[in-house]
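**Q** Please see the structure below; I have some questions.
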Amino acid sequence: MRGAALVALLALLPAVLAQHISLQLEHSLDGARFTPAGRISGNLEIDEDGSLAALALQRDALSTAEEEAFAQLVKGDGMYLLRASAGAPPAATLLTALPARCLTTPGFQELLQLDASPAGRPLALSYAAGCCSMARPGPRAWAPARTAPVAVRLPAAAPAIAIPAKPIEQGAPAAPEPPKRQPAAKEGAKAGEVEEKLPPPPDTRTWLQKNWIFAVPVVMIIFNMLSAGPGGKM
């Protein structure tokens, strides 16, 4: 798999090399107004191991007003918004976000990831590592790193479709159907003979044998009626 990915990446090499990326970063600390936050820049290059070289993130220092606004954002459990633009409109604007408290969690590293087309066009910006929904704010204020790497990811190559060397002729005979299973022969029958289903034997019982369960109560009722005296007593 790694070899196939390397071959696909090398196939995109002529289109990727010499592509320079420069994105202006802005962030929002209130969910509405965006202010400058830094930039992402660098060339799309292939490292010795066949992977794409990371771009460089350069952060602007937070002003006193921004530090206070960020503290209020963490207190209200708001979302930190970060967007990148390649220039003036109608250039594409990439937006990503995460809970502001994640940035103050001890041990959390702000790692960004940029998805780009083979021609070097930015497609999406996201955080390479999120944070747990149960993460608690850290005791200290957030001080973003002034410089950090930004990973670059290209779209994966589509799977190849195997084409037979000799095309299938139109109207070629279809594969033969499997033989139908014959019913099992009756034990003692000759080879090749199949048991035939015989009709049920005729019922030779008399009418009384068939309906005695109904005839007995009727006979008992008639017997009681005949045995009763003129006064209705036995």
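Using mature numbering (1 follows the signal peptide of the UniProt record, and there is no 0), the letters of the sequence shown correspond one by one to residues -18 to -1, 1 to 216.
Here a beta-carbon is modelled for each residue, glycine too, at the ideal position from N, C-alpha and C.
#1: So, at 7 Å on beta carbons, what are the nonlocal neighbours of residue -6 in its own chain, with the 5 sequence-adjacent residues on each side left out?
#2: Alpha carbon to alpha carbon, what distance is there between residue 64 and residue 10?
#3: Compare the Cα-Cα distances from residue 15 to each of 42, 57, 62, 3 and report the closest residue.
#4: Hey, would you say residue 226 sits closer than 9 Å to residue 6, going by beta carbons?
#5: Can you tell me the Cα-Cα spacing of residue 278 and residue 59, whole angstroms?
#6: Using 8 Å as the cut-off, can you tell me whether the stretch 33 to 49 makes contact with the stretch 73 to 91, which would need three or more C-beta pairs spanning the two stretches below that distance?
#7: Mark residue 104 as exposed unless 16 or more other C-beta atoms lie within 10 angstroms of its C-beta, in which case mark it buried.
#8: Pick from 56, 20, 19, 68: whose alpha carbon is nearest that of residue 3?
#9: If you drop the 5 nearest sequence neighbours on each side, which residues of the same chain put their C-beta closer than 8 Å to that of residue 205?
#10: On a CA-only basis, which of 122, 159, 208, 179 is nearest residue 220? Give me that one, please.
#11: For the alpha helix (DSSP H) that residue 209 lies in, which residues bound it at each end?
#12: For the ligand ZN, is there any heavy atom lying closer than 8 Å to the beta carbon of residue 193?
#13: Per DSSP, what kind of secondary structure is residue 159 in: helix, strand or coil?
#14: So that I know if they touch, is there some Cβ in chain C lying closer than 9 Å to that of residue 138?
#15: Taking C-alpha atoms, which residue in 89, 17, 35 lies nearest to residue 134?
#16: Have a look at the DSSP bridge pairing and note the partners of residue 185.
#17: Would you say residue 131 and residue 39 are within 9 Å of each other, going by their C-beta atoms?
#18: Using only CA atoms, which one of 85, 144, 126 lies nearest to residue 120?
#19: Going straight from the alpha carbon of residue 209 to that of residue 194, what length do you get?
#20: Could you tell me the distance, in whole angstroms, from the CA atom of residue 77 to the CA atom of residue 90?
#21: I'd like to confirm the pairing. Which residues does DSSP put opposite residue 21 in its beta bridges?
#22: Which stretch, first to last residue, makes up the beta strand (DSSP E) that contains residue 68?
#23: Here's a check: name, in chain order, each residue in its chain whose Cβ is nearer than 8 Å to the Cβ of residue 47, leaving out the five neighbours to either side.
**A** From the atom records:
#1: For the purposes of this step, residue -6 is identified with residue 13 of the sequence shown, where counting begins at 1. Model confidence at residue -6 stands at a pLDDT of 49, short of 50, so the residue's coordinates are unreliable; what they give is reported in the following sentence. Contacts found: 28.
#2: The sequence position of residue 10 within the sequence shown is 28, counting from 1. The sequence position of residue 64 within the sequence shown is 82, counting from 1. Looking at the two C-alpha atoms, the distance is approximately 7 Å.
#3: Taking the first residue of the sequence shown as position 1, residue 15 is located at position 33. Of the listed residues, the one whose Cα sits closest to residue 15 is 62.
#4: What is shown of the chain runs -18 to 216, which leaves residue 226 out entirely.
#5: Here the chain comprises residues numbered -18 to 216, so residue 278 is not present and cannot be evaluated.
#6: Short answer: they don't touch.
#7: Counting from one through the sequence shown, the residue named residue 104 turns up at place 122. Burial check for residue 104: the Cβ neighbour count within 10 Å reaches 16 or more, so the residue is buried.
#8: The count along the sequence shown starts at 1 and reaches residue 3 at position 21. For the residues 56, 20, 19, 68, the minimum Cα distance to residue 3 belongs to 68.
#9: On the sequence shown, residue 205 is found 223 positions in, with the first residue counted as 1. Closer than 8 Å at Cβ, skipping near neighbours: no residue.
#10: It is not possible to answer for residue 220, since the shown part of the chain is limited to -18 through 216.
#11: What you label residue 209 is simply residue 227 of the sequence shown in a count that begins at 1. 189 to 209 is the extent of the alpha helix (DSSP H) around residue 209.
#12: No copy of the ligand ZN occurs in the structure displayed, which carries no ligand at all.
#13: The residue you call residue 159 lines up with position 177 of the sequence shown. It is coil, neither helix nor strand.
#14: Within the model displayed, chain C is absent; a lone protein chain is all it includes.
#15: Start at 1 with the first residue of the sequence shown, and residue 134 comes out as number 152. Of 89, 17, 35, the residue nearest in Cα terms is 35.
#16: The residue labelled residue 185 in the question sits at position 203 within the sequence shown. Residue pairing by DSSP places residue 185 in no beta bridge whatsoever.
#17: What you label residue 131 is simply residue 149 of the sequence shown in a count that begins at 1. What you label residue 39 is simply residue 57 of the sequence shown in a count that begins at 1. Taking the C-beta atoms as reference points, residue 39 is found nearer than 9 Å to residue 131.
#18: The residue you call residue 120 lines up with position 138 of the sequence shown. Among 85, 144, 126, the Cα nearest to that of residue 120 is on 85.
#19: Position 227 of the sequence shown, counted from the start, is the residue given in the question as residue 209. Position 212 of the sequence shown, counted from the start, is the residue given in the question as residue 194. Going by the C-alpha atoms only, they are around 22 Å apart.
#20: On the sequence shown, position 95 is the one that residue 77 refers to. On the sequence shown, position 108 is the one that residue 90 refers to. Between the alpha carbons of residue 77 and residue 90 lies a distance of about 20 Å.
#21: Residue mapping note: residue 21 aligns to position 39 of the sequence shown, counting from 1. Residue 21 is bridged to 6, 40.
#22: Within the sequence shown, residue 68 is the residue found at index 86, counting from 1. Residue 68 -> no beta strand (DSSP E), and no H or E assigned at all.
#23: In the sequence shown, residue 47 corresponds to position 65, counting from 1. Here the set comprises nothing.
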